[in-house]
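Just remember that the working numbering sits 949 ahead of the position in the sequence shown, which is counted from 1.
So the structure is just underneath, and the comments pick up after that.
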Amino acid sequence: MTTTPRRKTLIVAGHGMVGHKLVELLVARGALDRWRILVIGEEHHPAYDRVHLSSFFDGAGVDDLSLVSDGFFDDPHVTLLTDRRVVAVDRPRRIVTTDDGREHTYDELVLATGSFPFVPPVTGADAEGCFVYRTVDDLEAIAEFAAGCRRGAVVGGGLLGLEAANALRSLGLDTAVVEFASRLMPMQVDEAGGDVLRRAIEDLGVHVHTDFATTDVVRGDRDQVLGLAAGDGAVVDADLVVFSAGIRPRDELARSCGLEIGARGGVVVDDRCHTADPHIWAIGECAHAAGRTWGLVGPGYQMARVVADQLLGDGADRFTAGDLSTKLKLLGVDVASFGDAFGTTPGSESVSFTDRIAGVHRRVVVDPAGPRVVGGILVGDADGYDALVAMARGDLPTPASVASLVAPGGAAPVSVGVGSMSDSAVLCSCNNVTKGAVCEAVAGGSHDIPSLKSCTGAGTGCGGCVPLVNELLRSELAASGIAMDDRLCEHFAYSRQELFDLVRVHGIGSFAELVRTHGTGRGCEICKPAVASMLASLGGEHILRGEQASLQDTNDHFLANLQKNGTYSIVPRVPGGEITPQQLIAIGEIARDFDLYTKITGGQRIDLFGAQVHQLPQIWGRLVDAGMESGHAYGKALRTVKSCVGSTWCRFGVQDSVAMAIRIELRYRGLRAPHKVKMAVSGCTRECAEAQSKDIGVIATENGWNLYVAGNGGARPQHALLFATDLDDEGLLRAIDRILMFYVRTADRLERTASWFNKLEGGMEHLRKVVLDDSLGICDELDAQMARHVEQYRDEWREALESPEVLARFRTFVNSDEPDPQIVFVRERGQIRPVA
């Protein structure tokens, strides 16, 4: 008689980011067939994204930060206990005891207890008004207390300290940062980088005090916080203090059960993340691995992969070192460091570029024997970070001209093709998929992205690696002499660019005509919206009239963005961020009357969420009456032109950025394109509008405007590149006209300008020749095409409201005017939000 093997029990003590990653890996690899997993978490919230914890102050709730997918713990063999802490481990009996007195037996135990905030030995640090910055509960307490405060101070000028300073600043407090060292972020940046960072942060109104050895929290007669005092007598006034001076490993559980602890804390583990006890493992910030503790999530995830391999019997992986490379934006300033950032490698030399006026410091450390990049520091301009890190890892060759690597992004961007990467380079960090694995899959017959995803797992996590995988796929197919099928879909044997030219040259005005003359079948969800966009780009009918209506995707179908609960968002256009009081009042009254969720966007507009289909015409009728129009947030079109206040208000501004942003937005509004387009105009080189992260970016100079192109956020961010300098108003608009129309003509379906530009043969030199020198002889056509767009622009919502045929579409049910009864809301932070 065959018996089923006993299912073993794994207990994971701690449900932070690393603990949850381990459980995710095990579940994904079928561990529940052999294991029962019990996760014990100390917080009352399941695992959440602590890296982006500060977004809490931008309106993100715990649900937004959650790392736990819906239904993850529905399987009876994986259980989560929240609000529970493991207080004792009986190693001989293999039992853990939780703080409620219950005992749980394990076969294997993983310690993932993380770390706790370090509070320096400061007198009065326990006073009311003193906080740490570590959990959602901490942030909620800070926000509540800050409501009665004017001034805040942060002890610690490292990564966490500057995050905390930004939080206090966002709460409206006059904020100061005090740092014991002589510069900010002493563990990540050098003296020059710290100086540049300090200047940038002080320009934002944050007070910075370095060489400040905090000894006391100054308190008043009622024991209230009044400020911070240093040993040399210096005082910083504050009503609220946040200690963010680093972290220490949570190793008390391991200490109490006799496990070995590192000299500076942390549970000592070997390269398999095993402690001295054969049944206990440790991962993340509580572990002392490869000779040290690791305070970043990346090494913790790597440890989780190692333990998952060991528990499933695939134990080839080892943890020998973690990647401490970091790239982040602190108070709006790009800061990155990687590899041997301070040049401790024997014989290493460094090449640096510092522009204190522009707020840029770039330092690259090189082993001259190669030469080979071994590390670096980037402040104010992190362009080329990914390529530099790949060089430091040995995954990319270092160019002969090392000096070009430190030049700021506009002058000499770092650009190395994926084909130059070593086979061991990791393309998909979510699933640890290397370039070699992808190449092997391509050689085995996986000649498109879906089959590569299925075969390797690349791109099935966050999806951020898909553009890189696609680039490698094209490179490998070309090297093998295999033509990559770039047809739009099965109904057209043409690429998106070829179809666009057919529509343009032959004056085709409908999808039916195009499929009859150049295609087959009836079309699909790929080609119909793509052709609809082409027709709209070339000045066709209103997108919801006649045949055009049947071609649109979900968003264009109702001229609104579909949200996950079935409602829609409404985004009126706010050119340049400039809006009248009457329009603000109208938006407020509409939101109140229709009970809509309102949010200020990153592009200087106001989103209204929660509208049902039948309400859209009523809402837009009132917005149009208030003088507002469609912001095209639902379309593959121009979204926003962000601007700073420019020379009108700002003492640093050299041109009227608001007026130019409005002029640009009104010129290109409604322009349909292969993908969404975002723009920005900054009034000086301080770049408050972040123009170098946009598809089209404009920065004012004393002599005119500098134009940047092909910057994108999203899955694969990249800085925009300098196209032309010191353009006058008309020259600027003429260049943008031609760039946009050339992009509309030649880009692939759903291709952002960055991806389009990266594939453009000849790169920037070619684009300049096409646009400025008319090397292809098409500039007159591009100019005329844009002129037609500007002349023919019509607000889609205004026209929809004037058409009974179009308005008849706005019903939830074809046979009833009733609203959707399945849409449910709850009220949170004073506004509605959907129940998923």
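Even for Gly, the Cβ is constructed at its ideal location relative to N, Cα and C.
Asked                                                                                                                                                                                             : Found
Starting from residue 1079, trace the beta strand (DSSP E) both ways and give me its first and last residue.                                                                                      : 1079-1081
Per DSSP, which one or two residues make a beta bridge with residue 1101?                                                                                                                         : 1124 and 1189
Return the bridge partner residues of residue 1309 from the DSSP annotation.                                                                                                                      : 1304
Could you tell me if residue 1604 is buried or exposed, where buried requires 16 or more neighbouring beta carbons within 10 angstroms of its beta carbon?                                        : buried
Around the C-beta of residue 1095, are 16 or more other C-beta atoms found within 10 angstroms, so that it is buried, or is it exposed?                                                           : buried
With DSSP as the reference, label residue 1699 as helix, strand or coil.                                                                                                                          : coil
Would you report the Cα separation of residue 1645 and residue 1348, rounded to the nearest angstrom?                                                                                             : 29 Å
Identify, in the order they occur along the chain, each residue of the same chain with its Cβ nearer than 7 Å to the Cβ of residue 1074, setting aside the five sequence neighbours on each side. : 1068, 1166 and 1192
Which residue marks the beginning of the alpha helix (DSSP H) containing residue 1250, and which one marks its end?                                                                               : 1246-1260
Taking 6 Å as the limit between beta carbons, can you name the residues of its chain near residue 1288, skipping five residues before and five after?                                             : 1323, 1324 and 1341
Distance, Cα to Cα, residue 1739 vs residue 1612?                                                                                                                                                 : 12 Å
Can you give me the C-alpha to C-alpha distance between residue 1163 and residue 1310, rounded to a whole angstrom?                                                                               : 29 Å
Skipping 5 residues on each side, what residues in its chain have a beta carbon closer than 8 Å to that of residue 1849?                                                                          : Beyond the ends of the chain as shown, which are 950 and 1785, falls residue 1849; an answer cannot be given.
Tell me which same chain residues have a C-beta within less than 7 Å of the C-beta of residue 1520, skipping the five on either side of it?                                                       : 1554, 1556, 1580 and 1582
Under the three-state reduction of DSSP, which class applies to residue 1560: helix, strand or coil?                                                                                              : strand
Count the other C-beta atoms from every protein chain shown that fall within 10 angstroms of the C-beta of residue 1564, then say buried if there are 16 or more, exposed otherwise.              : buried
Does the Cβ of residue 1137 have 16 or more other Cβ atoms within 10 Å, making it buried, or fewer, making it exposed?                                                                            : buried
The alpha helix (DSSP H) spanning residue 1334 covers which residue range?                                                                                                                        : 1334-1342
Do you know how far the Cα of residue 1148 is from the Cα of residue 1066?                                                                                                                        : 27 Å
Where does residue 1654 fall in DSSP's three states?                                                                                                                                              : strand
Determine the direct distance from the alpha carbon of residue 1235 to that of residue 1202, and round the result to whole angstroms.                                                             : 10 Å
Ignore the nearest five residues each way along the sequence and tell me which others in residue 1578's own chain have a CB closer than 7 Å to its CB.                                            : 1521, 1522, 1744, 1746 and 1747
Please state whether the Cβ-Cβ distance between residue 1698 and residue 1398 is less than 9 Å.                                                                                                   : no
Quick one: what's got a C-beta closer than 7 Å to residue 1356's C-beta in the same chain, skipping five residues either side?                                                                    : 1302
For residue 1650 and residue 1307, which I take to be in contact (beta-carbon distance under 8 Å), what is that distance rounded to the nearest angstrom?                                         : Incorrect: roughly 12 Å between the Cβ atoms, too far for contact.
Could you give the residue range of the alpha helix (DSSP H) that holds residue 1597?                                                                                                             : 1595-1598
Please report how far the alpha carbon of residue 1780 lies from the alpha carbon of residue 1466, in whole angstroms.                                                                            : 52 Å
For residue 1447 and residue 1723, I'd like the C-alpha separation in whole angstroms.                                                                                                            : 21 Å
Closest to residue 1485 by C-alpha separation, out of 1469, 1737, 1131 and 1350, would be which residue?                                                                                          : 1737
Can you check whether the CB of residue 975 is closer than 9 Å to the CB of residue 986?                                                                                                          : yes
Could you check the C-alpha separation between residue 1567 and residue 1535 for me, to the nearest Å?                                                                                            : 13 Å
For the structure I just gave you, are there three or more beta carbon pairs, one from the segment 1081-1090 and one from the segment 1177-1189, closer than 8 Å?                                 : no
Counting Cβ pairs closer than 8 Å, one from the segment 1095-1114 and one from the segment 1274-1287, do we hit at least three?                                                                   : yes
With H, G and I counted as helix, E and B as strand and the rest as coil, what does DSSP make of residue 1165?                                                                                    : strand
If you follow the alpha helix (DSSP H) that residue 1460 is part of, which residue opens it and which one closes it?                                                                              : 1460-1467
Evaluate contact between the segment 1049-1067 and the segment 1223-1234, counting only Cβ atoms and requiring at least three cross-stretch pairs below 8 Å.                                      : yes
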